[in-house]
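Keeping their order, the protein sequence lines are chains A and B.
Residue numbers for the first sequence follow the numbering used here, beginning at 234 and rising by one.
Residue numbers for the second sequence follow the numbering used here, beginning at 321 and rising by one.
From the three backbone atoms N, C-alpha and C, an ideal C-beta is built for every residue, glycine too.
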Amino acid sequence: MAPLLEASDVHVSYPVGGMFSGRRAVKAVNGVSLQIERGSVLGIVGESGCGKSTLSRLLIGLEQPTSGSVWVDGAPIAQMTRLARARRIQPVFQDPYSSLNPRRSIEATIRQPLDVHGIGTSRERIAAVREMMDLVGLAQRHANSYPSQLSGGQRQRVAIARALVIRPELLVCDEPTSALDVSVQSQILNLLQDLRAEFNLTYVLISHDLAIVEHIATRVAVMYTGKIVEEGETSAVFSNPLHPYSRALLSAVLTPEPGLGIPETRLRGSFPNPMDLPPGCTFHPRCPESMPICMENAPCLQNIDGKSVSCHLYAEQRSSVESPRKQLG
Amino acid sequence: MSADPRRAGVEVSLTSTLAVEPTQFANLRRRALRHIGFMIGGGVLVLVVFVALFAPLIAPEDPYAQNLTRRLLPPIWHADGSWSNMLGTDSLGRDYLSRVIHGVRFSLLIGLSAVMISAVIGIFLGIMGGYFGGRIDSAVVFILTCRLALPVVVVALAVVALVGPSLQLVILVLGLLIWDRFAVVMRSSTQQVRGLDYINAARALGCSTPRILWSEILPIVAPNLIVVATLEIANAILLEAALSFLGLGVPPPLPSLGLMISEAKGLMIFEPWVIGVPGVVLFVMVLAINLFGDGVRDLTARDRSS
């Protein structure tokens, strides 16, 4: 069976610069390939500016790839109609204070997808909205409220209900809890977990909160400068990160104990200017283990212990892993 | 009172939580009732609209009927005034009250029609430029700059002088000239909301672009547009009066406030009420519209901050 979502060598770049400075391109997503199996949760982590939000906008159709393609269930997304894509993929945005139209009541907000897609009679739509409100844990008395009368957690529940009312297969959650209070975050995460079981959903979860990703995701992809540098089972990536960047990212998590200070990541410099990426491996200026080859050649994703890693450190391992296969074949 | 104070407290808190639910409209109404400018402006405006709608029924006489035997009768507050012509008569013996009532009707007709035309043009250009940005926006800004470079009164005078004055032409020319504020307000408000996530959510839902513009963006910016519309109606009424005063607005037999002021300017010294009556009516009407517009702005602005 084909994976629910497949991206191959997707690039997104934006032209920047004006009349006098010459046009250049910012590469926000720089050759991403990934596969998302039905029923799985893919966590995408990385620091600000690494292209994870652009990737999510690409999946929900707000961006078009400059090159490369995305397939849903084996069908290229570029050839799907606007409505067909919306029926399969829906977003949950970061900030529930801006993702709900302030002039639309809760009931009208959740009913809107049904209206747009022409699903059911008006009585069936109202029944579907009521059912959805129950499922996401919103009291029926909020049906005629407006977003300004709800708390952040309640608004995020409305946003989730709006996304799920047309029964999509894939939910793209871009930082679904980072705008919420800590006490509400876990409620929303548990709700997402419950709904996944209820509707057999697949999630793409974009977050900078590694604890959330570890808790929910079945697979994790680590992004850096628009590329996936490591991808694999959550437990494998978290227990044994291979790429130097993944190691640094995981070691940068703050501990709850006070007084331990900021963790040492052994990284030099800072995130590179996306308009002027370093040659070779884009991570080499910061990498504690960089080698001469890193400045010249960009590494490719390779398979090691069920994970994909893009780093020259493991180039030798690959040849040692691959050579026995060649002998067998 | 023998009621248990604790019980009374419970009841009060119960009713207050119940009353909190349907707030938005009640809240707005309470604030509107407290806004003095809005109430005065709105009250006068209701009266003016009522008079304009039912002008033929309210006006005591035909505003076009001349009677040279009763030229320039004084109004009621004058020593020689009479109840048969409360505001007196003009230099052709037409009942002045009837002419003022019909003049108000024409002023409102011109103001509303011209603003309707300009609203369509301005909203369309503004929403296009604001939503799509890029080259479309550059084109919109260019058209807007060209429009702002045109002096409204001079262009209107030139066109009317060229084609010949008529009611339809005045409406059309004003409508085509005063859309700039609509475009500016629409463009900047659209720019403010276009990047918000609920617009993105609507796009991800599969909404078409016209649907997003119509049902996501327009309702959000509508309060700003109502404010602009009221101010522009007042503006259009004043411009029409100015054109008519210069003799290039509505053609003579029609009772227009500007035209009445113009016709009376020779009589200003000995019969000041002939110019005073239409002038005061024009002043009060425009003031009421502006007060009303300011009130709408205050009420909706506070509504958004809450």
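Problem - Residue(s) in a DSSP beta bridge with A/R257 - result: Secondary-structure assignment with DSSP links A/R257 through a beta bridge to A/V249.
Exercise for the section: Determine which residues share a DSSP beta bridge with A/A454 and list them. Expected result: DSSP lists A/I277, A/E464 as partners of A/A454.
Exercise for the section: Would you verify that the beta carbon of A/G294 is, or is not, closer than 8 angstroms to some beta carbon of chain B? Expected result: Yes, because at least one Cβ of chain B sits closer than 8 angstroms to the Cβ of A/G294.
Problem - Boundaries (first-last residue) of the beta strand (DSSP E) holding A/V437 - result: Note, A/V437: beta strand (DSSP E), 435-439.
Practice task
In angstroms with no decimal places, state the Cα-to-Cα distance between B/S625 and B/D618.
Solution key: With a pLDDT of 44 at B/S625, under the threshold of 50, the modelled position of this residue cannot be trusted; read the value that follows with caution. Between B/S625 and B/D618, the C-alpha separation is close to 11 angstroms.
Handout entry: Length at least 4, wholly inside the region 513-588 of chain B: the alpha helix (DSSP H) runs in chain order
Key = As far as the region 513-588 of chain B is concerned, its whole alpha helix (DSSP H) runs of at least 4 residues are 517-524, 538-565, 577-584.
Problem - Counterpart residues of A/A308 in DSSP-defined beta bridges - result: Here A/A308 is bridged, per DSSP, to A/V305.
Problem - C-beta contact flag for A/L534 and A/S543 at 8 angstroms - result: Yes, they are a contact pair.
Exercise for the section: Give the single residue among A/E497, A/A454, A/G492, A/L482 whose Cα lies nearest to the Cα of A/K540. Expected result: Of the listed residues, the one whose Cα sits closest to A/K540 is A/A454.
Handout entry: Bounding residues of the beta strand (DSSP E) (the contiguous stretch that carries A/S541)
Key = First-last of the beta strand (DSSP E) with A/S541: 540-542.
Problem - Reduced DSSP category for A/C406 - H, G, I as helix; E, B as strand; rest coil - result: Strand.
Handout entry: Meets three-Cβ-pair contact criterion under 8 angstroms: the region 438-456 of chain A and the region 272-285 of chain A
Key = Because the criterion of three Cβ pairs below 8 angstroms is met, the region 438-456 of chain A and the region 272-285 of chain A touch.
Practice task
Could you round the C-beta distance between B/V541 and B/M506 to whole angstroms and report it? I think they count as a contact, below 8 angstroms.
Solution key: About 6 angstroms separates the two Cβ atoms, so the contact holds.
Exercise for the section: Look at the alpha carbon of B/A562 and the alpha carbon of B/Y384, and state the distance between them as a whole number of angstroms. Expected result: About 22 angstroms.
Handout entry: At least 3 beta-carbon pairs within less than 8 angstroms: the region 436-445 of chain B vs the region 488-502 of chain B
Key = Because the criterion of three Cβ pairs below 8 angstroms is met, the region 436-445 of chain B and the region 488-502 of chain B touch.
Problem - C-alpha distance - B/E341 paired with A/G370, whole-angstrom precision - result: Confidence at B/E341 is low in this model, with a pLDDT of 45, below 50, so its placement is unreliable and the value that follows should be read with caution. One C-alpha to the other measures close to 19 angstroms.
Exercise for the section: Please check if any C-beta of chain A sits within less than 8 angstroms of the C-beta of B/T337. Expected result: With a pLDDT of 42 at B/T337, under the threshold of 50, the modelled position of this residue cannot be trusted; read the value that follows with caution. No, because no Cβ of chain A sits closer than 8 angstroms to the Cβ of B/T337.
Handout entry: Terminal residues of the beta strand (DSSP E) in which A/I322 lies
Key = The continuous beta strand (DSSP E) containing A/I322 extends over residues 322-325.
Problem - Interface residues of chain B facing A/V349 [CB-CB closer than 7 angstroms] - result: Going along chain B in sequence order, the residues near A/V349 (Cβ under 7 angstroms) are L525, G526, C527.
Problem - First through last residue of the alpha helix (DSSP H) which encompasses A/Q426 - result: A/Q426 -> alpha helix (DSSP H) spans 415-432.
Exercise for the section: Report the residue from B/F452, B/G615, B/I421 whose alpha carbon sits nearest the alpha carbon of B/L533. Expected result: Comparing Cα-Cα distances from B/L533 to each of B/F452, B/G615, B/I421, the minimum goes to B/F452.
Problem - Residue-chain proximity (A/D306, chain B), Cβ-Cβ < 8 angstroms - result: No, no contact with chain B.
Exercise for the section: May I ask you to verify whether the region 412-432 of chain B touches the region 387-397 of chain B, counting CB pairs closer than 8 angstroms and requiring at least 3? Expected result: The answer is yes - the region 387-397 of chain B touches the region 412-432 of chain B, with three or more Cβ pairs under 8 angstroms.
Problem - Short-range partners of chain A found in the region 457-471 of chain B, where Cβ spacing is below 8 angstroms - result: Those residues of the region 457-471 of chain B that come within reach of chain A (Cβ to Cβ, closer than 8 angstroms) do not exist; the list is empty.
Practice task
Quick one: list the residues of chain B neighbouring A/A319, beta-carbon separation under 8 angstroms, in chain order.
Solution key: Within 8 angstroms of the CB of A/A319, the CB atoms of chain B belong to A524, L525, G526, in sequence order along the chain.
Handout entry: Selection of the region 532-544 of chain B by Cβ proximity to chain A, strictly under 8 angstroms
Key = Listed by position along the chain: E536, P539, I540.
Problem - Outcome for A/G502 when other beta-carbon atoms lying within 10 angstroms are tallied against a minimum of 16 - result: A/G502 should be labelled exposed.
Exercise for the section: Could you check what DSSP says for A/L267 in three-state terms: helix, strand or coil? Expected result: Reduced to three states, the DSSP call for A/L267 is strand.
Handout entry: Cα-Cα separation between B/L477 and B/G613, rounded to whole angstroms
Key = The C-alpha of B/L477 lies about 28 angstroms from the C-alpha of B/G613.
Problem - Assigned secondary structure, A/Q535 (DSSP; H/G/I helix, E/B strand, else coil) - result: DSSP, read as helix, strand or coil, puts A/Q535 in strand.
Practice task
Would you list the residues sitting across from A/L238 in a DSSP beta bridge?
Solution key: Note: A/L238 sits in a beta bridge opposite A/I269, A/V305.
Handout entry: Three-state class that DSSP yields for B/H422 in the structure shown
Key = The DSSP-derived three-state label of B/H422 is helix.
Practice task
Specify the secondary structure class of B/D457 as computed by DSSP and reduced to three states.
Solution key: When DSSP states are grouped into helix, strand and coil, B/D457 belongs to the helix group.
Exercise for the section: Could you tell me whether the region 563-579 of chain B touches the region 420-439 of chain B, using the rule of 3 or more Cβ pairs below 8 angstroms? Expected result: Enough Cβ pairs lie closer than 8 angstroms, so yes.
Handout entry: Cβ distance (whole Å) where A/H244 is taken to contact A/P298 below 8 angstroms
Key = Indeed, because the Cβ distance is near 6 angstroms, the residues count as touching under 8 angstroms.
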